Amino acid sequence: MTSYSMIKVGNDYVVQANDKCILKVGSRRRAAQLISEATDLLNALAVVDSPDIAPDAPSSQRETPELP
């Protein structure tokens, strides 16, 4: 899980993810809104189950390559 925070640097606010600076904005309200949206997106992503992409067994036939 990513930990978000913000720090004030001069007149701007820097959004951090896991102590790494990722974004600089001019408003504290906007920084807080971005953190909230990022947290919501990550939480929604954790709920979604990914479909099985790879087949259970390998293909028994080998495809012949196409020559240009």
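All residue numbers for the sequence shown refer to my numbering, where the first residue is 34 and numbers rise by one. Each residue gets a CB set at the ideal place from its N, CA and C atoms; glycine is no exception. Here the structure is a predicted model, which is why all the values come from computation and not from measurement.
- Rounded to the nearest whole angstrom, the CA to CA distance from residue 55 to residue 78 is 20 Å.
- With fewer than 16 neighbouring CB atoms inside 10 Å of its own CB, residue 42 falls in the exposed class.
- Between the alpha carbons of residue 47 and residue 40 lies a gap of roughly 5 Å.
- Taking C-alpha positions only, residue 62 is separated from residue 100 by approximately 59 Å.
- Linking residue 51 to residue 35 through their CA atoms gives a straight-line distance of about 6 Å.
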